[in-house]
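So the structure is just underneath, and the comments pick up after that.
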DNA sequence: TTCGATTTGTTCGTATGTATT
DNA sequence: TAATACATACGAACAAATCGA
């Protein structure tokens, strides 16, 4: 029982994809916020007029994309970036030994600037649009390991201040989420090796010109909308970037 | 309040996990080889005495892990590394522009050696066990970009020769699979920045001491068994390592 | 502490649609 | 065209976990 008589419509998505999209729209609209539970499967199935099995299939995909999490006996919850489990989700620097250490942050500078160059193009901003430019050092085991330059569009993060950033409880993505309702669900990173610039070297207490790992990251929220551009410089004398690959070639998104 | 009166049994896996494991054992045993179709869902369900739905759920997980692929109307096939689609599956070097270029290979050297150091420990070999040591250069757009040192246990690749390697049709993983029945399904990479060694610099036509991206890779087959250790040195002047993250924190495997 | 309501997890079954050969 | 195989959708029943009364 295909529903529409197909007036030359889109490829006639399966029903569960349709349901998934409707759920996504609810998430984007903020109908259910991170940390909160969405309605029960029974209730959602009724709301969308589908069987529980079909509803489950839609939620299955959101779970696979880590957009929501299921807890048996409790409910299905919108993913948060403040939980321990998520803390390391986008954090791939490990000590050469292999152990993950608790990081500490040091906010070096915070100022307003104008978008330009790669930051502008990756964030899909016009040249000259206002952005924040943030410099931050991350330490592991008390040694500076990562020097970050973060670019954020002012439009998406109104009234962000240095003290808000410095006083945040969890990760910076937790702050995006808690204060601005922006949920980072995907990042794309491009890595290369280069000599550390004087600024990067200073932040990492490294000799200028020493080889360092450069990571250019774009963070995306729903619908592949870029929200953060970040250039990280990593001292890989004692640490490495860990990449485990075995599944999930960029599938799933960008269909509708 | 574990349910079992503790017959010391495992946590009593769900049925579909059990079925998945049985399928895995069949794959490992070579009952169905890469490129071949496994029996139909209907048939497998009968064989394992479960419903088609349960059988499908087991296969779903194998599909998610890219161990098999479904083709509607045709069947379910064991994943191959020779298909175009899989060609770039474990290949993450892209030109700075973004496009992926067709690579060409040049086999520099091939010799037998004894395992030692990190290669031995990562491959879970005793020091001194026989290995092959292979040096290879990969070119993109006619320029040398990646210098590889590959270590393989002789025990798993008996009678491998230089000409076999040089004459291979597709990727090196395709050769592992076609000739030795070894199916690489997962790799783990650790990246750092360092000065290129003289050997690496020579292979890449680079000045010695220039910063380069170092990738230490371990390739695994079923049951997390390591089969290849590889140190790659990448000239990132014109190319970058691309890492897209958004799902699938190492879940799925390693259960029993 | 126990109990019961709620919610997700697992398993079964059936019917029908769609792609391949 | 017909047979086969996977894809989608529905429904039902019970198990297991959670949480509050």
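Protein chains in written order, with the numbering used here: chain E, 1 to 256; chain D, 257 to 512.
Just so it is clear, CB atoms sit at the ideal spot from N, CA and C, and this is done for glycine as well.
Every value quoted in this text rests on a predicted model; they were computed, and no experiment measured them.
With 16 other CB atoms within 10 Å as the buried threshold, where does residue 416 of chain D fall? In the second chain, the residue the question calls residue 416 of chain D occupies position 160. Buried, because 16 or more other Cβ atoms sit within 10 Å of the Cβ of residue 416 of chain D.
Under 8 angstroms between C-beta atoms, does residue 400 of chain D make it to chain E? As a first step, residue 400 of chain D must be located in the second chain, where it is residue number 144. Residue contact with chain E for residue 400 of chain D: absent (no Cβ-Cβ distance below 8 angstroms to any residue of chain E).
Taking the CB atoms as reference points, tell me whether residue 153 of chain E and residue 125 of chain E lie closer together than 8 angstroms. Numbered from its first residue, the first chain carries residue 153 of chain E at position 153. Numbered from its first residue, the first chain carries residue 125 of chain E at position 125. Yes. Within cutoff.
Spatial distance of residue 205 of chain E from residue 186 of chain E (CA atoms): Within the first chain, residue 205 of chain E is the residue found at index 205, counting from 1. Within the first chain, residue 186 of chain E is the residue found at index 186, counting from 1. Put simply, the backbone Cα of residue 205 of chain E is about 31 angstroms away from that of residue 186 of chain E.
From what residue to what residue does the alpha helix (DSSP H) around residue 313 of chain D run? Residue mapping note: residue 313 of chain D aligns to position 57 of the second chain, counting from 1. For residue 313 of chain D, the uninterrupted alpha helix (DSSP H) segment begins and ends at 308-320.
Segments assigned beta strand (DSSP E), at least 3 residues, entirely inside the region 191-224 of chain E: Uninterrupted beta strand (DSSP E) stretches at least 3 residues long and entirely within the region 191-224 of chain E occur at 211-221, given in chain order.
Do residue 407 of chain D and residue 452 of chain D have their C-beta atoms within less than 8 angstroms of each other? In the second chain, counting from the first residue as 1, residue 407 of chain D sits at position 151. In the second chain, counting from the first residue as 1, residue 452 of chain D sits at position 196. Against a cut-off of 8 angstroms, the Cβ pair of residue 452 of chain D and residue 407 of chain D comes out as no contact.
Closest by C-alpha distance to residue 383 of chain D, when choosing among D:372, D:389, D:391: Numbered from 1 along the second chain, position 127 holds the residue referred to as residue 383 of chain D. It is D:372 whose Cα lies nearest to the Cα of residue 383 of chain D.
Give me the subset of the region 205-232 of chain E whose CB atoms are less than 7 angstroms from a CB atom of chain D, sorted by chain position. Under the 7 angstroms Cβ criterion, the region 205-232 of chain E contributes 211, 212, 213.
Starting from residue 296 of chain D, trace the beta strand (DSSP E) in both directions and tell me its first and last residue. What you label residue 296 of chain D is simply residue 40 of the second chain in a count that begins at 1. Going by DSSP, residue 296 of chain D is part of no beta strand (DSSP E) at all; its letter is neither H nor E.
What number of angstroms, rounded off, separates the C-alpha of residue 290 of chain D from the C-alpha of residue 426 of chain D? Looking up residue 290 of chain D in the second chain gives position 34. Looking up residue 426 of chain D in the second chain gives position 170. So the two alpha carbons sit approximately 14 angstroms from each other.
Just the Cα atoms here: how many angstroms apart are residue 389 of chain D and residue 102 of chain E? Indexing the second chain from 1 puts residue 389 of chain D at position 133. Indexing the first chain from 1 puts residue 102 of chain E at position 102. Their Cα atoms are separated by approximately 38 angstroms.
Assuming residue 69 of chain E is part of the beta strand (DSSP E), what are its boundary residues? For this step, residue 69 of chain E is matched to residue 69 along the first chain. Residue 69 of chain E -> beta strand (DSSP E) spans 68-71.
Would you mind sorting residue 164 of chain E into buried or exposed? The rule is 16 or more other CB atoms within 10 Å of its CB. By one-based count along the first chain, residue 164 of chain E stands at place 164. By the Cβ neighbour-count rule, residue 164 of chain E is exposed, with fewer than 16 other Cβ atoms within 10 Å of its own.
For chain D, find out if any of its Cβ atoms is closer than 8 angstroms to the Cβ of residue 161 of chain E; answer yes or no. Looking up residue 161 of chain E in the first chain gives position 161. It does not; no Cβ of chain D falls within 8 angstroms.
On the criterion of 16 or more Cβ atoms from any shown chain inside 10 Å, does residue 314 of chain D qualify as buried, or is it exposed? Here residue 314 of chain D refers to the residue found at position 58 of the second chain. Buried.
Assuming residue 241 of chain E contacts residue 191 of chain E (C-beta within less than 8 angstroms), just tell me the rounded distance between them. To locate residue 241 of chain E, count along the first chain from 1; it is residue 241. To locate residue 191 of chain E, count along the first chain from 1; it is residue 191. Indeed, because the Cβ distance is near 7 angstroms, the residues count as touching under 8 angstroms.
When D:438, D:492, D:351 are compared against residue 286 of chain D, the one with the closest alpha-carbon: The count along the second chain starts at 1 and reaches residue 286 of chain D at position 30. Selected option, being the one with the closest Cα: D:438.
By the DSSP assignment, the beta strand (DSSP E) with residue 383 of chain D in it spans what residues? Here residue 383 of chain D corresponds to residue number 127 of the second chain, with the count starting at 1. For residue 383 of chain D, there is no enclosing beta strand (DSSP E), since its DSSP letter is neither H nor E.
Counting only the same chain and skipping the five closest in sequence on each side, list residues whose C-beta sits under 8 angstroms from that of residue 200 of chain E. Locating residue 200 of chain E in the first chain gives position 200, where the first residue counts as 1. Short of 8 angstroms from the beta carbon of residue 200 of chain E, and not among the five residues preceding or following it, lie these beta carbons of its own chain, in chain order: 147, 206, 212, 233.
With 8 angstroms as the threshold, decide whether the Cβ of residue 56 of chain E is near any Cβ in chain D. What you label residue 56 of chain E is simply residue 56 of the first chain in a count that begins at 1. No, residue 56 of chain E does not count as interfacial toward chain D.
Three-way DSSP call (helix, strand, coil) for residue 412 of chain D in this model: Along the second chain, one-based indexing puts residue 412 of chain D at 156. Of the three classes helix, strand and coil, the one that applies to residue 412 of chain D here is coil, per DSSP.
Please confirm whether residue 299 of chain D has its beta-carbon closer than 8 angstroms to some beta-carbon of chain E. Here residue 299 of chain D is taken as the residue at index 43 of the second chain, counted from 1. The beta carbon of residue 299 of chain D does not come within 8 angstroms of any beta carbon belonging to chain E, so the residue lies off that interface.
Here's the rule: buried if 16 or more other CB atoms are within 10 angstroms of the residue's CB, otherwise exposed. What is residue 495 of chain D? Here the question's residue 495 of chain D lines up with position 239 in the second chain. With 16 or more other Cβ atoms within 10 Å, it is buried.
Closest Cα partner of residue 156 of chain E within the set E:167, E:226, E:69: In the first chain, residue 156 of chain E corresponds to position 156, counting from 1. It is E:226 whose Cα lies nearest to the Cα of residue 156 of chain E.
Between residue 401 of chain D and residue 236 of chain E, what straight-line distance do the alpha-carbon atoms span, to the nearest angstrom? As a position in the second chain, residue 401 of chain D is number 145, starting the count at 1. As a position in the first chain, residue 236 of chain E is number 236, starting the count at 1. For residue 401 of chain D and residue 236 of chain E, the distance between alpha carbons rounds to 21 angstroms.
Give the DSSP bridge partners of residue 243 of chain E, in chain order. Within the first chain, residue 243 of chain E is the residue found at index 243, counting from 1. According to DSSP, residue pairing for residue 243 of chain E in a beta bridge involves D:445.
Going straight from the alpha carbon of residue 180 of chain E to that of residue 308 of chain D, what length do you get? Position 180 of the first chain, counting from 1, holds the residue named residue 180 of chain E. Position 52 of the second chain, counting from 1, holds the residue named residue 308 of chain D. Distance between the alpha carbons of residue 180 of chain E and residue 308 of chain D is about 46 angstroms.
Does the CB of residue 148 of chain E have a neighbour CB from chain D at under 8 angstroms? Sequence index remark: in the first chain, residue 148 of chain E carries index 148 (1-based). No, no contact with chain D.
Unbroken alpha helix (DSSP H) run spanning residue 168 of chain E, endpoints: Position 168 of the first chain, counted from the first residue, corresponds to residue 168 of chain E. For residue 168 of chain E, no alpha helix (DSSP H) encloses it, and the DSSP letter there is neither H nor E.
Contact under 8 angstroms by Cβ, residue 454 of chain D with residue 466 of chain D: Position 198 of the second chain, counted from the first residue, corresponds to residue 454 of chain D. Position 210 of the second chain, counted from the first residue, corresponds to residue 466 of chain D. No, Cβ-Cβ distance for residue 454 of chain D and residue 466 of chain D is not below 8 angstroms.
At least one CB of chain E closer than 8 angstroms to the CB of residue 497 of chain D: is that the case? For the purposes of this step, residue 497 of chain D is identified with residue 241 of the second chain, where counting begins at 1. The C-beta of residue 497 of chain D comes closer than 8 angstroms to at least one C-beta of chain E.
Please classify residue 422 of chain D: is it buried, with 16 or more other beta-carbons within 10 angstroms of its beta-carbon, or exposed? Stepping through the second chain from its first residue, residue 422 of chain D is reached at position 166. Exposed, because fewer than 16 other Cβ atoms sit within 10 Å of the Cβ of residue 422 of chain D.
In three-state DSSP terms, what is residue 26 of chain E? On the first chain, position 26 is the one that residue 26 of chain E refers to. Look at residue 26 of chain E here: in three-state DSSP terms it is helix.
Kindly say whether residue 397 of chain D, judged by its beta-carbon, lies nearer than 8 angstroms to any beta-carbon of chain E. Taking the first residue of the second chain as 1, we reach residue 397 of chain D at position 141. Cβ-Cβ to chain E under 8 angstroms: no for residue 397 of chain D.
Residues of its chain near residue 96 of chain E, where Cβ-Cβ distance is below 7 angstroms and the 5 sequence neighbours each way are ignored: As a position in the first chain, residue 96 of chain E is number 96, starting the count at 1. Correct list, in chain order: 238, 239, 240.
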